[in-house]
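Asker:
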Amino acid sequence: MVWPLTIARSVSVSKAIHAPVETVIALLHDTDVLFSLNPLILSVNVDPSNPSVYSVTDRLVLLGCFNTQTKYQCTLTKCKDGLDSNVTANLGTRLKSHYRVQPGENGTTEVTEQTTIEGYLFSMPYIIRTMTAAHHTTLNNLAARAENPSSRQSSVSTVKPAVLEYHAVSFSTLSSIVSVVVTVFTIHLLFPGSSHIPISIIIVGALSTLFWSRMANDPYSLFHLTLNKLPGENPTAPPTTEWLNMGLWKNTDLFPQACESLAIKLIRAAKCRENGSVLDVGHGTGESLILLLSNPSIPRPSSVTGITSLQVHHNRSQQRVEQLLSSMKGSKPNVELFAEDAIYHQATHHPLNPSSKQAFDTILALDCAYHFHTRVTFLRQSFQKLLPGGRIALADICFDPKLLESPRIWLITSILGLMPKQNMVSKEGYITQMKEIGYTDVQLEDVTDDVFPGFINFLKSRGLGWKVFGLVIEWYAKTGARFVIVSGLRS
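Numbering (the numbering used here), first residue to last: 29 to 519.
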């Protein structure tokens, strides 16, 4: 998956509580108590047609001084060891949380909250910071309530406060303003030779940021479908493919062909086996899954497991794969798809769960591992789930060692939220990390010249918003970013 407009991040918070497990679970299952624990919540209204769905209004402060409100829908699902929560909010923001309660040390009860956040990339730092602080406070309030049942707790009003309502500014508008500022500042860092920012750059940055905001607000988060349209195709008809990677632009100038070429090159680097078991990580809306299941040039696996962090991509992939399998004759591969973070976290149903009996001959990560928190964690977990003789292959990004010495690259990467700093390594560092984990026969092929130029030229032909996106990638490429195919064996 390319550097996206919508990205996913995972956050985990935990708390040791001096109270029985049953008491803590009962409090989590009491929705009146649960909502009263969150310091940001102003009002809650239950959906009369579905008592598990709630309309929630939160208080937010932007830039340290703007009071505003945001509304979102929250769906709660009770389970025997905790609670699951799904939130759909503004600007395409979605949060999926798993609260799990288990006995802790020294007679305590441990509560762990694992949250996967999907959101507009420029808004992500604010979302994570605000959410993490609020959820820490929520768990502290839960502990106080469980340890001292008689403690007084404020209830959540079902009436929106008139004063805050009067002074509130649109959250979407302010987020767009903040994003414009961030875009302009980033462009200034990318082009430090100028003493001022040209007005044309400011206009392009502003328009592109608003473009990103509209795309991120798309409830389906399927913006990449427009990239798959071929010249001469009916503009109102859906594309025949749904690729989402940077592509291998060798002997082609068409996005779908370039993306398929990169996917096939990755599969060959992984040395997939006939009737093997494959794990495809970060598969987008399922085009790589369909390639594995139907392309005659690829050894046909007996089972395919897929995982993506975006729920909408999972749903779309499930639909497309089921449609393909229903059209197949004879024996069909087993397919299981997961909507989870690429990294296994406690209390999630996940193919990299070390206690799971499932193992794989092949693990693929097509143009996505640089997003993972962290890549090294993913490589370690994957190593444990590979069968002896199994192989992992990644289409990934690393950096020239000299670039990693520049403070500017760290600052820009942090501002844009493109990847965790732990994932910024050189080619030599990448190989060393894999060998230290235990991989053998580690191979790395630099395909930068067949990836970045073609992808950048393609983006520049797609309009203002994509042009700025292309400029960012072009800057990374010119200053030392390298696109590589990396593979390793578990002996």
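Backbone N, C-alpha and C define an ideal beta-carbon position, used for all residues, glycine too.
Report yes if the CB atom of His-163 is closer than 8 Å to the CB atom of Gln-142, and no otherwise.
Answerer: Position 135 of the sequence shown, counting from 1, holds the residue named residue 163. Position 114 of the sequence shown, counting from 1, holds the residue named residue 142. Cβ distance not < 8 Å, so His-163 and Gln-142 don't count as in contact.
Asker: Going by CA-CA distance only, name the one from Val-349, Asp-369 and Val-61 that's closest to Lys-360.
Answerer: Within the sequence shown, the letter at position 332 stands for residue 360. From the listed residues Val-349, Asp-369 and Val-61, the smallest Cα separation to Lys-360 is found for Val-349.
Asker: Quick check for students: name the residue ranges of the beta strand (DSSP E) that lie wholly in the stretch 292-361, counting only runs of 3 or more.
Answerer: Fully enclosed beta strand (DSSP E) runs of 3 or longer: 305-309 and 331-336.
Asker: Does the stretch 471-488 come into contact with the stretch 506-518, if we say contact requires no fewer than three beta-carbon pairs (one atom in each stretch) closer than 8 Å?
Answerer: Yes, they touch.
Asker: Out of Cys-107, Asn-273, Val-49 and Ser-71, point me to the one whose CA is closest to Ala-393's CA.
Answerer: Along the sequence shown, one-based indexing puts residue 393 at 365. Cα-wise, what sits closest to Ala-393 is Asn-273.
Asker: Count Cβ pairs between the stretch 487-505 and the stretch 405-420 that sit closer than 8 Å; are there 3 or more?
Answerer: no
Asker: In whole angstroms, what separates the C-alpha of Gly-358 from that of Arg-403?
Answerer: To locate residue 358, count along the sequence shown from 1; it is residue 330. To locate residue 403, count along the sequence shown from 1; it is residue 375. If I take the Cα positions, the gap works out to 38 Å.
Asker: Could you name each continuous beta strand (DSSP E) segment of 3 residues or more that falls completely within the stretch 420-492, going from the start of the chain to the end?
Answerer: 468-474
Asker: Exposed or buried, Lys-293, counting other C-beta atoms within 10 Å across all chains shown (16 or more means buried)?
Answerer: Residue mapping note: residue 293 aligns to position 265 of the sequence shown, counting from 1. Classification of Lys-293: buried, given that the 10 Å Cβ count is 16 or more.
Asker: Could you tell me which residues DSSP pairs with Leu-517 in its beta bridges?
Answerer: Taking the first residue of the sequence shown as 1, we reach residue 517 at position 489. BP columns for Leu-517 point to Arg-419 and Thr-468.
Asker: Exposed or buried, which one is Ile-231 when buried takes at least 16 other CB atoms within 10 Å?
Answerer: Within the sequence shown, numbered from 1, the residue matching residue 231 stands at position 203. Caution is warranted here: a pLDDT of 47 is assigned to Ile-231, below 50, making its placement in the model unreliable, and no coordinate value can be reported.
Asker: On the criterion of 16 or more Cβ atoms from any shown chain inside 10 Å, does Met-452 qualify as buried, or is it exposed?
Answerer: Within the sequence shown, residue 452 is the residue found at index 424, counting from 1. Using a 10 angstroms sphere on the CB of Met-452, the tally of other CB atoms reaches 16 or more, which defines it as buried.
Asker: Just to confirm, does Arg-518 get its C-beta within under 7 Å of one of the non-hydrogen atoms of the ligand GDP?
Answerer: This structure simply doesn't include the ligand GDP, nor any ligand for that matter.
Asker: For Asn-323, which of Pro-177, Arg-296 and Gln-339 has the nearest alpha-carbon?
Answerer: Here the question's residue 323 lines up with position 295 in the sequence shown. The shortest C-alpha separation from Asn-323 is found at Arg-296.
Asker: Excluding five sequence neighbours on each side, which residues of the same chain lie with their C-beta closer than 8 Å to the C-beta of Pro-416?
Answerer: Along the sequence shown, read from residue 1 onward, the residue named residue 416 stands at position 388. Around Pro-416: Arg-518 and Ser-519.
Asker: Which runs of the beta strand (DSSP E) at least 3 residues long sit entirely within the stretch 42-80? Give them in chain order.
Answerer: 69-75
Asker: When DSSP builds the beta bridges, which residues end up paired with Leu-392?
Answerer: Numbered from its first residue, the sequence shown carries residue 392 at position 364. Paired residue(s): Asp-308 and Ala-421.
Asker: Whose C-beta lies closer than 6 Å to the C-beta of Ile-420 among residues of the same chain, with five residues either side of it excluded?
Answerer: Taking the sequence shown and counting its residues from 1, the one referred to as residue 420 is at position 392. Cβ within range, chain order: Ile-391, Ser-410 and Gly-516.
Asker: CB-CB under 6 Å to Lys-495, same chain, minus the five flanking residues each way: which ones, in chain order?
Answerer: The residue you call residue 495 lines up with position 467 of the sequence shown. Once the five neighbours on either side are set aside, the close Cβ partners of Lys-495 are Lys-488.
Asker: Less than 8 Å between the C-beta atoms of Ser-454 and Pro-429, yes or no?
Answerer: Residue mapping note: residue 454 aligns to position 426 of the sequence shown, counting from 1. Residue mapping note: residue 429 aligns to position 401 of the sequence shown, counting from 1. Going by C-beta atoms, Ser-454 is nearer than 8 Å to Pro-429.
Asker: Apart from the five residues on each side of it in sequence, which residues of its chain come closer than 8 Å, Cβ to Cβ, to Thr-441?
Answerer: Sequence index remark: in the sequence shown, residue 441 carries index 413 (1-based). Cβ neighbours of Thr-441 beyond the five flanking positions: Met-447, Lys-449 and Met-452.
Asker: Do you know offhand how far Val-500's Cα is from Phe-483's?
Answerer: Position 472 of the sequence shown, counted from the start, is the residue given in the question as residue 500. Position 455 of the sequence shown, counted from the start, is the residue given in the question as residue 483. When rounded, the distance between both Cα atoms is 12 Å.
Asker: Are His-373 and Phe-366 close, meaning C-beta to C-beta below 8 Å?
Answerer: Numbered from 1 along the sequence shown, position 345 holds the residue referred to as residue 373. Numbered from 1 along the sequence shown, position 338 holds the residue referred to as residue 366. For His-373 and Phe-366, no; Cβs fall outside 8 Å.
Asker: How would you label Pro-14, buried or exposed, when you count the other beta carbons within 10 angstroms and need 16 or more for buried?
Answerer: Since the displayed the chain opens at 29 and closes at 519, residue 14 lies outside it and no answer follows.
Asker: Report back the beta-carbon spacing between Leu-68 and Arg-37 to the nearest angstrom; my notes put them in contact at under 8 Å.
Answerer: Numbered from 1 along the sequence shown, position 40 holds the residue referred to as residue 68. Numbered from 1 along the sequence shown, position 9 holds the residue referred to as residue 37. Rounded, the Cβ-Cβ distance is 19 Å, inconsistent with contact.
Asker: I need the straight-line Cα distance from Tyr-458 to Ile-326, nearest angstrom please.
Answerer: Position 430 of the sequence shown, counted from the start, is the residue given in the question as residue 458. Position 298 of the sequence shown, counted from the start, is the residue given in the question as residue 326. Taking the straight line joining both Cα atoms gives about 27 Å.
Asker: Considering only DSSP beta bridges, list what Thr-136 is partnered with.
Answerer: Indexing the sequence shown from 1 puts residue 136 at position 108. DSSP lists no beta-bridge partner residue for Thr-136.
Asker: Using the C-alpha atoms, what's the distance from Gly-310 back to Asp-369?
Answerer: On the sequence shown, residue 369 is found 341 positions in, with the first residue counted as 1. On the sequence shown, residue 310 is found 282 positions in, with the first residue counted as 1. Taking the straight line from one Cα to the other gives about 9 Å.
Asker: Within the chosen definition, does the stretch 72-83 reach the stretch 164-178 through at least 3 CB pairs nearer than 8 Å?
Answerer: no
Asker: Rounded to the nearest angstrom, how far is the Cβ of Ser-40 from that of Thr-144, given a contact under 8 Å?
Answerer: The residue you call residue 40 lines up with position 12 of the sequence shown. The residue you call residue 144 lines up with position 116 of the sequence shown. So it is not a contact: roughly 10 Å between Cβ atoms.
Asker: If we ignore side chains and look at the alpha-carbon of each, how far apart do Lys-99 and Asn-118 end up?
Answerer: Translated into the one-based positions of the sequence shown, residue 99 becomes position 71. Translated into the one-based positions of the sequence shown, residue 118 becomes position 90. Cα to Cα, Lys-99 sits roughly 7 Å from Asn-118.
Asker: Looking at the strands, I want to know which residues DSSP matches up with His-126.
Answerer: By one-based count along the sequence shown, residue 126 stands at place 98. His-126 is bridged to Asp-112 and Gln-142.
Asker: So what does DSSP say about Phe-283, is it helix, strand or coil?
Answerer: In the sequence shown, counting from the first residue as 1, residue 283 sits at position 255. Helix.
Asker: Could you spell out where the alpha helix (DSSP H) holding Gln-590 opens and where it closes?
Answerer: Because residue 590 is not part of the residues shown, which for the chain are 29 to 519, the question remains open.
Asker: Could you check which residue in Thr-254, Phe-283 and Asn-256 has the C-alpha nearest to that of Asp-478?
Answerer: Locating residue 478 in the sequence shown gives position 450, counting from the first residue. Taking only the C-alpha atoms, the option nearest Asp-478 is Phe-283.
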